[in-house]
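This report concerns only the one structure given below.
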Amino acid sequence: MGDLYAAVQRLARLHQGLTLLSKIENQQFAAAQPVPLAELLREKLSQLEEFIQQKELQLDVQLNAAPLLMLHPALADSLLSNLLHNAIRHNLPGGLLRVQLRATELVITNAGPALAAQQKPAQFFERFRKQNAASDSPGLGLSIVQSITTFYGFTVAYDYAPDSARHTLRVRFASAVPRP
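Numbering (the working numbering), first residue to last: 823 to 1002.
Now the structure itself:
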C-alpha cells in the first residue's frame, strides 16, 4: 500500500507540473500584478524552515533590494518554490544555501553533489531531466522555472563551480518596478 501511495503521489506531482507548463505555454496567466519579491522570499523561506533545519543547512539570506515584479501571484509562488525546493533537496547535509536578491536579479546558490563529466547544467532545464535518476522528483522543477522566466522576459542561468561543488541559479529580471 505504501508503494502504491508513493506512486500515486508521484503521478499527481507529474500531472500538476505538466498542467502548469501547459498553462504557461498557452499564456493562461494574464492577470499580472506587482509582487513584492523580498516579502514572498521571506514567506517561502519561513515555510521551508523545517526542511532547512533537518538538513542542517547554513542559510545565508541577503535581501539587498525589494523589487516589485509584474507577475501572476501563482507563477511568482511557483518560481520561488521550485528554486528553493531544488536548492534544499539537492543540497548536502550541513551545506550552504545562499539566497541573494538584488534589484535586477535573484541568485540562489547551494552546495551539492558533483556533476559527472557528461552532465551539463543547461541539461537540467529539460523536462524530466534530473541528476539522480532514482529521485522521487518528476524532473520538471527547472523546466517550470525556465517557462516562467521566459514568459515574463526574464533569463535564468545555471552555473556549476566544480572546485567547490556549488550550484547557482540566477534569474535576471527584465524590469522591476522601483519601490518607494
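Cβ atoms here follow ideal geometry from the backbone N, Cα and C, with glycine treated the same way. Computed from a predicted structure; not experimentally measured.
Residue i: first and last residue of the uninterrupted beta strand (DSSP E) it sits in
i       : result
Pro856  : 855-858
His1058 : Only positions 823 to 1002 of the chain appear in the structure, and residue 1058 is not among them; the question remains open.
Tyr980  : 977-983
Gln884  : 880-885
According to DSSP, residues forming a beta bridge with residue i
i      : result
Thr927 : Here residue 927 is Glu; the residue named in the question, Thr, does not match the sequence. Answer by DSSP bridge pairing, in chain order: Arg994.
Asn932 : Leu919, His989
Where the alpha helix (DSSP H) through residue i begins and ends
i      : result
Gln875 : 871-876
From the options, residue whose alpha carbon lies closest to that of residue i
i      : options                : result
Leu881 : Phe976, Thr926, Gln922 : Gln922
Ser903 : Glu871, Ala853, Leu890 : Glu871
Glu865 : Ala898, Glu878, His894 : Ala898
Glu878 : Ser969, Gln968, Asn913 : Asn913
Thr990 : Pro889, Tyr980, Leu964 : Tyr980
Gln876 : Ser986, Pro984, Pro915 : Pro915
Assumed close pair residue i, residue j - CB separation to whole angstroms, cut-off 8 Å
i      : j      : result
Gln855 : Met892 : 7 Å
Arg992 : Thr926 : At roughly 10 Å, the Cβ-Cβ gap does not stay under 8 Å, so Arg992 and Thr926 are not in contact.
Ala887 : Arg924 : 5 Å
Ser868 : Ile966 : With a Cβ gap of about 22 Å, Ser868 and Ile966 do not count as contacting.
Practice problem: Spell out a yes or no on whether the region 898-910 and the region 924-933 are touching, meaning 3 or more CB-CB pairs, one atom from each, closer than 8 Å. | Solution: yes
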